[in-house]
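A.B. asks:
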Amino acid sequence: MSRILVIEADRQALRDIAQSLQRQGLSADDTASARDALYRVTSGAYALVIVAYDLPEIDGPALVAAMRATGLSVPMLAIDAQGSIERCVRMLKAGADDYQPFPLDLEELGARVLALLRRQARPPAPADDAAAARLQAGGIVLDRIRRIALVDATLVELRPTEFRLLEFLMLNADRVMTRRMILEAVWQHHFDPGTNLIEVHVKQLRAKLRDPDGRRFIHTVRRAGYYFSGDAPDARREARGEGGEDDTNALPHRRGEARPSALHSRA
932 MSRILVIEAD
942 RQALRDIAQS
952 LQRQGLSADD
962 TASARDALYR
972 VTSGAYALVI
982 VAYDLPEIDG
992 PALVAAMRAT
1002 GLSVPMLAID
1012 AQGSIERCVR
1022 MLKAGADDYQ
1032 PFPLDLEELG
1042 ARVLALLRRQ
1052 ARPPAPADDA
1062 AAARLQAGGI
1072 VLDRIRRIAL
1082 VDATLVELRP
1092 TEFRLLEFLM
1102 LNADRVMTRR
1112 MILEAVWQHH
1122 FDPGTNLIEV
1132 HVKQLRAKLR
1142 DPDGRRFIHT
1152 VRRAGYYFSG
1162 DAPDARREAR
1172 GEGGEDDTNA
1182 LPHRRGEARP
1192 SALHSRA
């Protein structure tokens, strides 16, 4: 049985989350202490961590970043009583893999947890199939067995969601992948197509992959999606009519609308 660590100070929320996880056949431990959480995650006992934004000692993003700094690679699901776009972005940038605002739909919470666990447990590519086990293009090597990435022979640390996003784009190199295709392949459940969840992760991934020469591997095609290419991008971007950095530098918002006060993650 997979064990989940829930970091939350609200006792009622803890009871609701524990019941939701039990219905999925999962067991949960809980704590409201950042110090205790850091101690617990180093034990390697947990398959997933659920962490609240508002905690007594430090805020959720700081705790998530601290846990990632220990080398923790298991999925993290952020929950937030306020549910603003800005807070969502902070959690994702700190290292969370998913984000669900209050009021919590417990059925949705359980589905998100199971989706994250499925992705974490997905078996690696067969070791005897070199083509399937390793993706390589333009100085990037993606090792699908060890789940690591190299850029010009330098190890780049990718979070699980960043790895899956890069893997999906490289498997479909030089083909434009729509936002919906990316959401379904990488997150395995339907988000509101108006959310900038993809843009946030693409921006973070680009920052990690960019070498000193300033090459870009993940390209934006306006009103279409994204594609990966290891080739020189300049002429290709002009031919496809792509956008530049402006597409992902802005704080996430809904296209064509004023910035909302909360993230809507349901399709």
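Residue numbers (the working numbering): 932 to 1198. Heads up, the beta-carbon is just placed ideally off N, CA and C, and yes, glycines get one too.
Between which residues of its own chain and R1049 is the CB-CB distance below 8 Å, once the five residues before and five after are set aside?
C.D. replies: Along the sequence shown, one-based indexing puts residue 1049 at 118. Cβ neighbours of R1049 beyond the five flanking positions: Q1119.
A.B. asks: Taking the runs of the alpha helix (DSSP H) that are 4 residues or longer, which of them lie wholly in the segment 973 to 1036?
C.D. replies: Qualifying alpha helix (DSSP H) stretches, in chain order: 991 to 1000, 1016 to 1025.
A.B. asks: Under three-state DSSP, which class holds F1094?
C.D. replies: Taking the sequence shown and counting its residues from 1, the one referred to as residue 1094 is at position 163. Helix, per DSSP.
A.B. asks: How long is the line joining the alpha carbons of F1067 and R1111, rounded to whole angstroms?
C.D. replies: The residue given as residue 1067 occupies position 136 in the sequence shown. The residue given as residue 1111 occupies position 180 in the sequence shown. In the sequence on display, residue 1067 carries Gln and not Phe. If you take the alpha carbons of Q1067 and R1111, they lie about 25 Å apart.
A.B. asks: Whole angstroms are fine: how far does the CA of Y970 sit from the CA of P1034?
C.D. replies: Indexing the sequence shown from 1 puts residue 1034 at position 103. Indexing the sequence shown from 1 puts residue 970 at position 39. Taking the straight line joining both Cα atoms gives about 29 Å.
A.B. asks: Helix, strand or coil: how does DSSP classify G1156 here?
C.D. replies: Walking along the sequence shown from the start, residue 1156 turns up at place 225. In the structure shown, G1156 sits in a strand (DSSP, three-state: E or B).
A.B. asks: Can you tell me which of the three DSSP states A1084 falls into?
C.D. replies: Start at 1 with the first residue of the sequence shown, and residue 1084 comes out as number 153. Three-state result, A1084: coil.
A.B. asks: From E1017, T1092, E988, S1004, pick the residue whose C-alpha is nearest to that of D1028; which is it?
C.D. replies: Walking along the sequence shown from the start, residue 1028 turns up at place 97. Answer by Cα proximity: T1092.
A.B. asks: Express the C-alpha separation of L1073 and V982 in angstroms, rounding to a whole number.
C.D. replies: For this step, residue 982 is matched to residue 51 along the sequence shown. For this step, residue 1073 is matched to residue 142 along the sequence shown. Roughly 29 Å separates the two Cα atoms.
A.B. asks: Distance check for M1101 and A996, CA to CA, integer angstroms please.
C.D. replies: Within the sequence shown, the letter at position 65 stands for residue 996. Within the sequence shown, the letter at position 170 stands for residue 1101. Distance between the alpha carbons of A996 and M1101: 27 Å.
A.B. asks: Excluding the 5 residues preceding and the 5 following D1105 in the sequence, name in chain order all residues of the same chain whose CB lies nearer than 7 Å to its CB.
C.D. replies: Reading the sequence shown from its first residue, position 174 is the one you call residue 1105. Y1158, S1160, listed in sequence order.
A.B. asks: I believe A878 touches Q1051 by the beta-carbon criterion, under 8 Å. Please report the beta-carbon distance rounded to the nearest angstrom.
C.D. replies: Any question about residue 878 goes unanswered here, given that the chain covers just 932 to 1198.
A.B. asks: Specify, as a first and last residue, the run of the alpha helix (DSSP H) that D947 falls within.
C.D. replies: By one-based count along the sequence shown, residue 947 stands at place 16. Run containing D947: 942 to 954, per the alpha helix (DSSP H) assignment.
A.B. asks: Label S925 either buried or exposed according to how many other C-beta atoms from any shown protein chain fall within 10 Å of its C-beta, with 16 as the threshold for buried.
C.D. replies: Nothing can be reported for residue 925, as the shown portion of the chain is limited to 932 through 1198.
A.B. asks: Quick check on the burial criterion: 16 or more other C-beta atoms within 10 angstroms. Buried or exposed for E1130?
C.D. replies: Counting from one through the sequence shown, the residue named residue 1130 turns up at place 199. E1130 is buried by the Cβ-count criterion.
A.B. asks: Can you have a look at T1085 and say buried or exposed, based on whether 16 or more other CB atoms are within 10 angstroms of its CB?
C.D. replies: Taking the sequence shown and counting its residues from 1, the one referred to as residue 1085 is at position 154. The residue in question, T1085, is exposed, as its Cβ has fewer than 16 Cβ neighbours within 10 Å.
A.B. asks: Taking the alpha-carbon positions, what's the V980 to I935 distance?
C.D. replies: Start at 1 with the first residue of the sequence shown, and residue 980 comes out as number 49. Start at 1 with the first residue of the sequence shown, and residue 935 comes out as number 4. Approximately 6 Å, taken between the alpha carbons.
A.B. asks: Between which two residues does the alpha helix (DSSP H) harbouring L1136 extend?
C.D. replies: For the purposes of this step, residue 1136 is taken as residue 205 along the sequence shown, with counting starting at 1. Per DSSP, L1136 belongs to the alpha helix (DSSP H) from 1128 to 1140.
A.B. asks: In the DSSP assignment, find the unbroken beta strand (DSSP E) run with I938 in it and report its ends.
C.D. replies: Within the sequence shown, numbered from 1, the residue matching residue 938 stands at position 7. It spans 934 to 938 - the beta strand (DSSP E) in which I938 sits, taken as one unbroken run.
A.B. asks: Using a Cβ-Cβ cut-off of 6 Å (strictly less than) and excluding sequence neighbours within five positions of D939, which residues of its own chain qualify?
C.D. replies: For this step, residue 939 is matched to residue 8 along the sequence shown. Checking the sequence shown, residue 939 turns out to be Glu, not Asp. L945, A983, listed in sequence order.
A.B. asks: Tell me Q1067's beta-bridge partners as DSSP assigns them.
C.D. replies: Within the sequence shown, the letter at position 136 stands for residue 1067. DSSP lists V1072 as partners of Q1067.
A.B. asks: Which residues does DSSP pair with A959 in a beta bridge?
C.D. replies: Numbered from its first residue, the sequence shown carries residue 959 at position 28. The partner list for A959 (beta bridge, DSSP) reads I935.
A.B. asks: If you measure between the beta carbons of D990 and A1012, is that distance less than 8 Å?
C.D. replies: Residue numbering aside, residue 990 sits at position 59 when the sequence shown is read from its first letter. Residue numbering aside, residue 1012 sits at position 81 when the sequence shown is read from its first letter. Not closer than 8 Å, so no.
A.B. asks: Among R1077, D1083, I1016, M1108, which one has its Cα closest to the Cα of F1094?
C.D. replies: Taking the first residue of the sequence shown as 1, we reach residue 1094 at position 163. The candidate whose alpha carbon is nearest that of F1094 is R1077.
A.B. asks: Cβ of A963 within 8 Å of Cβ of P992?
C.D. replies: Counting from 1 along the sequence shown, the entry for residue 963 is found at position 32. Counting from 1 along the sequence shown, the entry for residue 992 is found at position 61. Their beta carbons are not under 8 Å apart, which means A963 does not touch P992 by this criterion.
A.B. asks: Run the CB neighbour count on Q943, radius 10 Å, all protein chains shown included, and call it buried at 16 or more, exposed below.
C.D. replies: Walking along the sequence shown from the start, residue 943 turns up at place 12. So Q943 counts as exposed.
A.B. asks: Could you tell me the distance, in whole angstroms, from the CA atom of G1002 to the CA atom of S974?
C.D. replies: One-based indexing of the sequence shown puts residue 1002 at position 71. One-based indexing of the sequence shown puts residue 974 at position 43. Those two C-alpha atoms are separated by around 12 Å.
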